[in-house]
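FYI, the numbering for the sequence shown is -17 to 430, going by this note's numbering. One structure is given below, encoded as structure tokens.
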Amino acid sequence: MAYVNLLEFFPFTFLMHFIRTTIVFNVAHQILEDKYNSFVTFLSLTVTGMAFSYIFLPIANEKNEFIILAGYYLLLFAVLFFVTNATFFARAISIIFGLITYMLSALVSSIALSMFGINIANSFSYEIPTMIYFANLLFIFSFSFIFVIIVKMIKSKSKNGFKHKIKYTLFLIFPFTHIFSALQLMNVYRVTRQSYERVAFFKNSKTDYFMIGLSFICLLIDFSIIFFIDSFEKIEQKNIENEKALLKSALDYEQIQMFNEEKREFIKIKHDLTNIITTAQGFIEIGKPDKALEIFKNTNKSLAGISEFSICSNDTVNTIFYIKQKEALKSDIEFRAKVDETYPILINDYDLARLLGNVIDNAINASKQLKYDKKIELFMSISSGGLDITVKNRFDKKAEKPKKSNINHGNGILIVKEISSLYKGTYNATKNDDIWITKISIPNVKKQ
-17 MAYVNLLEFF
-7 PFTFLMHFIR
3 TTIVFNVAHQ
13 ILEDKYNSFV
23 TFLSLTVTGM
33 AFSYIFLPIA
43 NEKNEFIILA
53 GYYLLLFAVL
63 FFVTNATFFA
73 RAISIIFGLI
83 TYMLSALVSS
93 IALSMFGINI
103 ANSFSYEIPT
113 MIYFANLLFI
123 FSFSFIFVII
133 VKMIKSKSKN
143 GFKHKIKYTL
153 FLIFPFTHIF
163 SALQLMNVYR
173 VTRQSYERVA
183 FFKNSKTDYF
193 MIGLSFICLL
203 IDFSIIFFID
213 SFEKIEQKNI
223 ENEKALLKSA
233 LDYEQIQMFN
243 EEKREFIKIK
253 HDLTNIITTA
263 QGFIEIGKPD
273 KALEIFKNTN
283 KSLAGISEFS
293 ICSNDTVNTI
303 FYIKQKEALK
313 SDIEFRAKVD
323 ETYPILINDY
333 DLARLLGNVI
343 DNAINASKQL
353 KYDKKIELFM
363 SISSGGLDIT
373 VKNRFDKKAE
383 KPKKSNINHG
393 NGILIVKEIS
403 SLYKGTYNAT
413 KNDDIWITKI
423 SIPNVKKQ
């Protein structure tokens, strides 16, 4: 069985230090924001770390190893100032946590080795069997992902953003499972070492190469998955940005349509106003003021129709109501909305449009199933404290399916809940006979 001497930098010591630097990058990447991109951050840390290790490896010994280790992490800490956007404290935390991750992973690996009766002792004085070297390396790298998972889960709770969605955290569980491959390597080594005469299967050096190759593949997979997840996150983030842009364009278009309709109505009434006033004046002169009053009442209705859905100062709210009112009319649904506004809306337009759009869509979809009395009532209160939205609509009780707790309906319900949760608000849906009542309450605050 071959041995490796960690005092020789290439290739095995290089790989060990490469893994150590990758662990630092993996942890820091979850905490900090890249100034350029993840590849530049990784390359900067790796080149710096490898150069430092190559220079100081020849003089490393038991007396100065902790000083060299401290210098190594301080140098990486300095590199983070050039490749990340973060505070001094955040950078310090990422480096400290990277160090803790590596040290604890190495400690747990040593415990696992001792359970198999293996003691790698001091790497400055002893050579290590190649199989144990790879087993130890694989265990350390795989086990480090548990700390990365912890960081990512903390970020998903503390920061409302796409990057730390829990679904991408789950992908990191796969590299962690490779500790079982490392344990298997340790067990194979223990069995072969304890056998005085190695059986034919283990005598074949190709077996050693196979086990070592397997561990190397696991290391490569674990390394690759870091960048795969990063790539997937960026692609989905880009899709969300495109969705926001499309939604904004759609809202802008509908606003233009709404304003054009109001403008046409205003021009029409303006042209008619002279004739209306002249006619009313004529009725008054001939002693028929009731006729004049009727004309003015009809004129007042027309003027009110100009701004039928400009019911508050927020263009996004007005546009959503305008769009949904047109959709409702196509299905013979009466949609009435009322807004009590005492403070500007601080919630960003994208979230506001998705929230209102989906909650109204749910009501429209339920109303479409009815044969008569299709009505939707929406009341919205806007204050400095928050937004309170109440939507009432009838639904077909006969068509209702008794599934679990059936107080949720409409394909957009998950989006409504997601946005409510994003702003630390509440969502509640109840039934009162054949009336469905949806209530949403969220703080009126800005989100980055």
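For each residue, glycine too, the CB sits at the ideal point set by N, CA and C.
Boundaries of the beta strand (DSSP E) harbouring Asp370: 369 to 376, taken from the DSSP string. When C-beta atoms of the stretch 60 to 74 are compared with those of the stretch 11 to 19, three or more pairs fall below 8 Å, so the two segments count as touching. Comparing alpha carbon positions, the residue from Thr261, Phe59, Gln239 closest to Ser26 is Phe59. For Ile419 against Lys374, the beta-carbon gap comes to about 5 Å, under 8 Å, which counts as contact.
Contact between Phe153 and Ile207 is confirmed by a C-beta separation of about 7 Å, below the 8 Å threshold. Distance check between Asn169 and each of Leu95, Thr372, Ile49, Gln219 places Leu95 closest, using alpha-carbon atoms only. The beta-carbon distance between Ile122 and Ser163, rounded to whole angstroms, is 13 Å. This is too long to meet the 8 Å contact definition. The beta-bridge partner set that DSSP reports for Lys320 consists of Phe361. For Lys379, the CB contacts under 6 Å within the same chain, skipping 5 residues up- and downstream, are Asp416 in chain order.
In terms of CA proximity to Lys429, Tyr332 leads the group Tyr332, Ile371, Leu338, Gly367.
Per the Cβ contact rule, the stretch 357 to 366 is not in contact with the stretch 397 to 405 (fewer than 3 Cβ pairs under 8 Å). Residue environment analysis places Asn221 among the exposed positions, since fewer than 16 neighbouring C-beta atoms fall within 10 angstroms of its C-beta. Here Ile417 carries a strand assignment [DSSP, helix/strand/coil]. When DSSP reads this structure, Thr66 sits in a beta bridge with Asp16. Assigned with DSSP and collapsed to three states, Thr412 falls in strand. With a cut-off of 8 Å on Cβ pairs, the stretch 75 to 84 is in contact with the stretch 3 to 12, counting three or more such pairs.
Per DSSP, reduced to three states, the secondary structure at Ile5 is helical. A buried status is given to Leu62, since no fewer than 16 other beta-carbon atoms sit within 10 Å of its beta-carbon.
Residue pairing by DSSP places Val(-14) opposite Ile110 in a beta bridge.
Of the other Cβ atoms in all chains shown, 16 or more fall within 10 Å of the Cβ of Leu201; this residue is therefore buried. Take Ile371, set aside five residues on each side of it, and the residues of its chain with a beta-carbon closer than 6 Å to its own are Met362, Ile422, in chain order. A contact between stretches requires three or more CB pairs, one per stretch, nearer than 8 Å, and the stretch 338 to 347 fails this requirement with the stretch 261 to 281. Within the same chain, Arg2, Ile5, Val6, Ile122, Ser126 come within 8 Å of Tyr84 by CB-CB distance, once the 5 residues on both sides are set aside.
Here the alpha carbons of Asn118 and Ser87 stand approximately 10 Å from one another.
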